[in-house]
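FYI, in the working numbering the residues of the sequence shown are 263 to 1017.
Here is the structure we will look at, set down as structure tokens.
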Amino acid sequence: MDMDIDEKAKGEEKQGKSVAVILVGAPGSGKSTFCEHVMRSSSARPWVRVCQDTIKNGKAGTKAQCIESAMNALKDGKSVFIDRCNMEKEQRDEFVKLGGSAQVDVHAVVLDLPAKLCISRSVKRTGHEGNLQGGRAAVVVNRMLQKKELPKLSEGFARITCCQSESDVQSAVDAYSGLGPLDTLPSGYFGQKNAGAKVQLGIMRFLKKTDGPANSESTSKSVPDSNASRIIEEKETSSKGTGSLSENSRKESKEGGELFVGSVGGDVSLNDSPTLAFPSISTADFQFDIEKASDIIVEKVIEFFNKLGNARLVLVDLSHKSKILSLVRAKASEKNINSNKFFTFVGDITRLHSGGGLHCNVIANAANWRLKPGGGGVNAAIFSAGGPSLEVATKEQAQSLYPGSAVVVPLPSISPLFSREGVTHVIHVVGPNMNPHRPNCLNNDYSKGCKVLREAYTSLFEGFATIVRTQAKSPKGSIENLQAKLPKSQEHSDASRNHFTNSDQKTKREDPHKYERSKRSKAYQDDTEDSNTGKPNLSNKSGGSRTKSWGSWAQALYNTAMHPEKHKDAVLEISDDVVVLNDLYPKAKRHVLVVARCAGLDRLSDVHKEHLPLLRTMHEVGLKWVEKFLHDDSSLVFRLGYHLDPSMRQLHLHVISQDFDSTYLKNKKHWNSFNTAFFRDSVDVVEEVSSDGKAKLKEDDSMLSMELRCHRCRSAHPNIPRLKSHITNCRATFPSTLLQNGRLVHAPSNVSIGP
């Protein structure tokens, strides 16, 4: 009996340690697959996978939630995988602290696989938990790899396993799959000879790695390209430019560093001549057919060739296996296009000069219609590289863009793109969308899509031509100073005004029957420009705002309010104080706008106590229209209010039914602009202006990105289709805040809105 007790005690002493394995790797490196293989093969040791993409009941969560989940699993005696990228030391620190207990070993498994493989996997996968797939994945992977910090034992790891090949990964899977409840793995750094070696190379750096100087000559032969294509020879760059990489770039390529590839003609200078670098518009995230896109690119390049003088056009893509580059090269060769004036280039469009020796004073951005950072791909990369000053400069030129249009933005000298790359201008351009998961999808209508893409390239090249003409008038060699020398009238009117000539295209695509009405709003340009300078007149004398620059298309409401006689067919009601018209893209069954006719009232922030009578008139007119709508359908419920930061110039009151039954309600911003504090009820605005002399404003863009919640029961929903399906059937009473102070307007017989 005594022996049995002793054996039991010994068994308790030999209780195995739990293991916290922190996975380190870029998207597409196989972290989740690693976890799945180990967990499927391991029968003796219980494992728990902690993934930030799914930590919140299948949805993305926070780092803190991951830490809490891991701690709970370890307390239960389980081992855990931390399935996050964990690419930087700062991201790993909190998880390393999980090893504070003597019963927990903290390991790192580094999936340091080739960038090419990670990118290929990320781009091709579908249904990814974190939705990182498709076109934007390549840029995200590249950015992460460039910032990567390999883990060190000094961080607190008991063991680090570095996998640089598929066989390394399989060995690590076998090692962890075979761990029994009492087993441990040896401590130390395994799998890489030099723990302090340079981090995994990014997408620009996997094009060709050379073993040493003896192999450097073979580099150019290893990259497939057309006959006109070549790797830029590794020579010392002269002051005039010789189509070469710098000596530093040569050295870097020999060490396995970045290598940029271009189909540059033999006589091309990399530093002379104004040059526009542009990505293929709409073929990545917007999923436009690349065959059709390549035809349009070549067509437009030919059209603008004679207008650009000695200027050059460069089509840029990240991948040397890019299909769009191959197609364009082949078609340009068939058309005998001068390869010194138009060529393709492989590289990061934000680092063409510093990374590839190619000086481009103008770069194009495949922007989103709101002209905001984010969304991945080229747009995110350019805004990130341009710094905050680019975002500010962009908003000074325009608030948003319609598909098919572009806007030229002079770069401030403080922008890193200006100081590091010599970029003087960024041209934002929006193309057609064929991706059903993005706004304004054309649903594979390539008749419209091709027309819009042609307009997009026309706007882009016209913007560049304007810069070229301005440079031609400047002293020779002043390309770097072009931004400072560009006259403001030229800068704003030629480079911005000319690129809104296609602003009616969104209307044409979304509702052809309303196109003619929208077309009439083109008259805004004449009404809002100074007749002497051609500049949009944004002074307070003309009713403009001192704090916000409005894009040309956003002037349509202002023009209608100031000159309703020109738009009689579009206007529902005209008085001395207001005009009433249907919202061009109604977000509900009934949605009208009551627009103030008072000059100087662009938005709610311009309202003061002297405008109180006007606000009351607008509210009364809105109520009159509600009464008319309720007479037709007594089941409707209405809300009257203003947007904190409207996209259209001229103060306007929304009168909108609460069914939100509309095909134009397509995304989170549409919904949240009417169902968060971003929407200010008219009755509250009138009260605040009456008592305080102004409305209470808290402009916060984050309100538009809040989670989707039903406006009645306040339940959360993952996307617009699910939300629409819910609100169709939701019969819950409205929140108490909306039931107070007359914020909701309904027929007396409608008892469904509240208790």
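We put the beta carbon where it would ideally sit given N, CA and C, even for glycine.
A quick note: this is a predicted structure, and the numbers were derived from the prediction, not measured.
query                                                                                                                                                                                           : result
Classify Tyr438 as helix, strand or coil using the three-state DSSP reduction.                                                                                                                  : helix
For Phe645, which three-state DSSP category applies?                                                                                                                                            : helix
Within a Cβ cutoff of 7 Å, which residues of the same chain sit near Arg878, ignoring the five residues on either side of it in sequence?                                                       : Val948
Quick one: grab the DSSP three-state call for Pro672.                                                                                                                                           : strand
Tell me the DSSP secondary structure of Phe540 in three-state form.                                                                                                                             : strand
Between Ala573 and Val730, is the Cβ-Cβ spacing less than 7 Å?                                                                                                                                  : yes
Could you tell me which residues DSSP pairs with Asp943 in its beta bridges?                                                                                                                    : Gly903
For Val669 and Val685, I'd like the C-alpha separation in whole angstroms.                                                                                                                      : 16 Å
Quick check: the Cα distance between Val310 and Met406, rounded to an integer number of angstroms?                                                                                              : 26 Å
Could you please give me the residues that DSSP links to Arg421 through a beta bridge?                                                                                                          : His369, Gly450
Mind checking which residues open and close the alpha helix (DSSP H) that includes Trp309?                                                                                                      : Segment 309 to 313 is the beta strand (DSSP E) holding Trp309; no alpha helix (DSSP H) there.
Mind checking who Ser987 pairs with in its DSSP beta bridge?                                                                                                                                    : DSSP, once it has assigned bridges, lists no residue as partnering Ser987.
Please report the distance separating the alpha-carbon of Gly649 from that of Leu336.                                                                                                           : 42 Å
Does DSSP put Thr295 in a helix, a strand or coil?                                                                                                                                              : helix
Between the Cα of Pro694 and the Cα atoms of Glu298, Asp547, Ser964, Glu835, which residue gives the shortest distance?                                                                         : Asp547
Name the DSSP beta bridge partners of Phe343, please?                                                                                                                                           : Val283, Arg311
Please report the residue range of the beta strand (DSSP E) in which Glu835 lies.                                                                                                               : 833 to 836
Could you pull out every unbroken beta strand (DSSP E) segment of at least 3 residues lying fully inside the stretch 877 to 924, listed in chain order?                                         : 899 to 905, 914 to 919
Are there three or more Cβ pairs, one per stretch, closer than 8 Å when the stretch 372 to 385 is compared with the stretch 317 to 331?                                                         : no
Just grab the DSSP bridge partners of Arg971 for me.                                                                                                                                            : Ala978
Starting from Ile599 and walking both ways along the alpha helix (DSSP H), at which residues does that stretch end?                                                                             : It is not in any alpha helix (DSSP H) - Ile599 carries neither H nor E in the DSSP assignment.
Which residue comes first and which comes last in the alpha helix (DSSP H) that contains Leu652?                                                                                                : 650 to 659
According to the neighbour-count rule (16 or more other Cβ atoms, all chains shown, within 10 Å of its Cβ), is Pro826 buried or exposed?                                                        : buried
For the beta strand (DSSP E) containing Ala626, name the first residue and the last one.                                                                                                        : 624 to 628
On the criterion of 16 or more Cβ atoms from any shown chain inside 10 Å, does Asp894 qualify as buried, or is it exposed?                                                                      : exposed
Measure the alpha-carbon distance for Tyr438 versus Leu1001 and round it to whole angstroms.                                                                                                    : 59 Å
Taking Cβ to Cβ, would you say Gln912 is nearer than 7 Å to Val857?                                                                                                                             : yes
Between which two residues does the alpha helix (DSSP H) containing Asn334 stretch?                                                                                                             : 325 to 337
I need the straight-line Cα distance from Thr999 to Arg942, nearest angstrom please.                                                                                                            : 12 Å
Alpha carbons only, please: which of Ser305, Arg682, Phe343 is nearest the one belonging to Ser616?                                                                                             : Arg682
Could you check whether the stretch 713 to 731 touches the stretch 642 to 656, counting it as contact only if at least three pairs of C-beta atoms, one from each stretch, sit closer than 8 Å? : no
Can you tell me the Cβ-Cβ gap for Gly965 and Asn1003, rounded? I've got them flagged as a contact below 8 Å.                                                                                    : In the sequence on display, residue 965 carries Met and not Gly. Contact doesn't hold; Cβ gap of about 21 Å is too wide.
Per DSSP, what kind of secondary structure is Arg512 in: helix, strand or coil?                                                                                                                 : Below a pLDDT of 50, predicted positions are generally treated as unreliable, and Arg512, at 35, falls in that range; the measurement from the model is reported next regardless. Correct three-state label for Arg512: helix.
Using CA atoms only, rank isn't needed, just tell me which of Ser662, Asp868, Gly884 is closest to Gly903.                                                                                      : Gly884
For Ala459, which residues from the same chain have a beta carbon less than 7 Å from its beta carbon, with the 5 sequence-adjacent residues on both sides left out?                             : At Ala459, the pLDDT of 45 sits below 50, so the modelled position is not reliable and the matter cannot be decided from this model.
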